[in-house]
Amino acid sequence: MNSVESKKISDTIDQALRAEKVARDRTRQKQRKILVLGQSSESGKSTLIKQFRLLHSAETFSAERQSWTSIVYLNIVRSIWKVIEIVSSHFNLTNPTDADSQNLARLRLRLMPLRSVELSIVKSLSSPGEIFQTRSNGPNNGRGSPVTGMDKEYECGDVVVHPDSVWQRLRQRCSYNTSMSKAGTSITFEREVVREIDDPSRTLEACATDMKKLWCCPVVRQCLEQTGLLIEEISGFFLNDIERITSPGYIPTDDDILRTRVKTIRPTETILPCLELGLEWKIYDVGGARRQRAKWAPFFDDMDSLVVMVPVSAFDQVLAEDPSVNRLQDSFDMWSELCNTTILHKIPVLLFLNKIDLLEKKLHAGIKLSKYHTNYGDRPNEFKSVLQYLHARFVRLRKESGVPDLAPCYVHRTSIVDRVTTQIIVAHVRDKIAMEYLQLTYMI
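According to my numbering, the sequence shown is numbered sequentially starting from 3.
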């Protein structure tokens, strides 16, 4: 091959590479990428993404509705086991002697069929070649059972979903078939969803009366009150809706889906169309455990916005992966680290002070912020004062990090499960990012 031919081939390759780059840049210009960061458990990341999906792609969200039934069922079963775990620490249910213990022991025995429901759903959430046991150990202690290959951060109550699971594939197929639903295939497809995941509804319906008896039992309520655990405020709590959810033909509502507790075990990408501007939104959720945060950096380079979720109600809790670390203090540290990351100074940052509703309930119940965070001092242990303090603390940490004044940062006080209020905030976030796109393309 002579030099002329070599140059011709080289020029052809260069031209193809340039054309590929132009096409890639054109595609990227039509995309808006949002990175959502926060602690691995109970921060509200997955609920926020559901809110984005509900606002941007309501039709797809609705098409997936049936597939969420099994998640709601599993959340109910997990809550029942948690209640039994707490009761078991106060009463001898193995060899009951008094009337209360005997009654609770009978209820526990009659609720044992729920174990098969749990195992069936867990199987559908696991990969084809490996069962990620997110099941509880059982009514005696109810703690999460660690399994080989499973991250330590996934504790009791976590509903862990593998990306290759039957449930995920069904969800994806629901989304893919959204357009087909207009042709009358949606009912058939929903039945197919139920067939592929063993239908646990009959077992739940049969156990409904005993589940209600357990949850409404005054002795049980007293035990829960003594523990100080606000089980009603944990995501995935549906025990107040047992009758509705266990009734024949139950289909989850939007609020049910938003309230479900579910985890994925890998970074996830959620793609949403924005038909008004021809944009494609990509929302990324990565692991929030402390040891996983080193993996955040590769995502920073190509993002248009960063959303940081902070569960301010967790001021009296510790990290699942490190019980020596207070969760609110960890949020302060995480925020400082992000603010000191230079590459993030170029993009808008949205800080969500989340779970303010639960924060207010804890403060009203007499749980003192100063007991866990001495810097709060002798300020009033009142909701307004505490929220102002936390807001100011996060703003001060950002200023102390040396972030340029022009770097945009927006702070929102939220309760992500509040669909109406959060939809207003999500729409506000969407509009801000869309406005930046219009300015970038000189359309305004």
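Glycine included, each C-beta is placed from N, C-alpha and C at the ideal position.
Bear in mind that the values here come from a model prediction, so they are computed numbers and not experimental data.
Nearest-angstrom beta carbon gap, W337 and L399 [assumed within contact, 8 Å]: 6 Å
Apply the 10 Å Cβ neighbour rule to P148 and answer buried if 16 or more other Cβ atoms are within range, or exposed otherwise. With a pLDDT of 31 at P148, under the threshold of 50, the predicted position of this residue should be treated as unreliable, and no value is reported.
Test item: CB-CB of L352 and Y412 under 8 Å: yes
Anticipated Cβ contact below 8 Å, I88 with C225, distance rounded: 5 Å
Please confirm whether P220 and V119 have their CB atoms less than 8 Å apart. no
Kindly confirm or deny that the stretch 105 to 120 and the stretch 63 to 81 touch, where touching means at least three C-beta pairs closer than 8 Å. yes
Can you tell me which of the three DSSP states M305 falls into? coil
For V24 and K265, I'd like the C-alpha separation in whole angstroms. 37 Å
Assuming R421 contacts D257 (C-beta within less than 8 Å), just tell me the rounded distance between them. 6 Å
Inspect the CB distances between the stretch 304 to 320 and the stretch 342 to 358 and report whether three or more fall short of 8 Å. yes
Can you list, in chain order, the residues of its chain with a C-beta nearer than 6 Å to that of I123? Leave out the 5 residues immediately preceding and following it. S72, L76
With distances taken between CB atoms, is the gap from H375 to F317 smaller than 8 Å? yes
Can you list, in chain order, the stretches of the alpha helix (DSSP H) that have 4 or more residues and sit fully within the stretch 200 to 267? 203 to 218, 220 to 229, 244 to 247, 256 to 261
Reference V38; option with closest CA among S48, K32, T29, Q31: S48
Using 8 Å for Cβ pairs, my map puts R55 next to T272. What's the rounded Cβ distance? 7 Å
If you follow the alpha helix (DSSP H) that I358 is part of, which residue opens it and which one closes it? 358 to 366
Exposed or buried, T96, counting other C-beta atoms within 10 Å across all chains shown (16 or more means buried)? exposed
Leaving out the 5 sequence neighbours to the left and right, which residues in its chain are closer than 8 Å to L389 when beta-carbon positions are compared? V314, L355, I358, L361, R415
Tell me the rounded alpha-carbon separation between M213 and T205. 12 Å
Please identify the residue among K10, A21, K35 whose C-alpha is closest to the C-alpha of D306. K35
For I349, tell me which candidate among L50, L408, E227 has the shortest Cα-Cα distance. L408
Any idea what DSSP makes of R117, helix, strand or coil? helix
Can you list, in chain order, the residues of its chain whose CB lies under 7 Å from that of K52, leaving out five sequence neighbours each side? I259, L260
How about K364 and I233: do their beta carbons lie closer than 8 Å? no
Alpha-carbon spacing of P269 relative to D304, whole angstroms: 15 Å
Closest by CA to L342, which one among R223, F93, T29, G404? Contrary to the premise, residue 342 reads as Asn rather than Leu in this sequence. Selected option, being the one with the closest Cα: G404.
Considering only residues of the same chain and omitting the five flanking positions on each side of R193, which have a CB-CB separation below 8 Å? With a pLDDT of 47 at R193, under the threshold of 50, the modelled position of this residue cannot be trusted; read the value that follows with caution. Cβ within range, chain order: n/a, list empty.
What three-state label does DSSP hand V310 in the structure shown? strand
Per-residue DSSP class, three states only, for H414: strand
Would you call Q31 buried or exposed, if buried means 16 or more other Cβ atoms sit within 10 Å of its Cβ? exposed
Neighbourhood of S417 by C-beta distance below 6 Å, restricted to the same chain and skipping five residues each side: I358, D359
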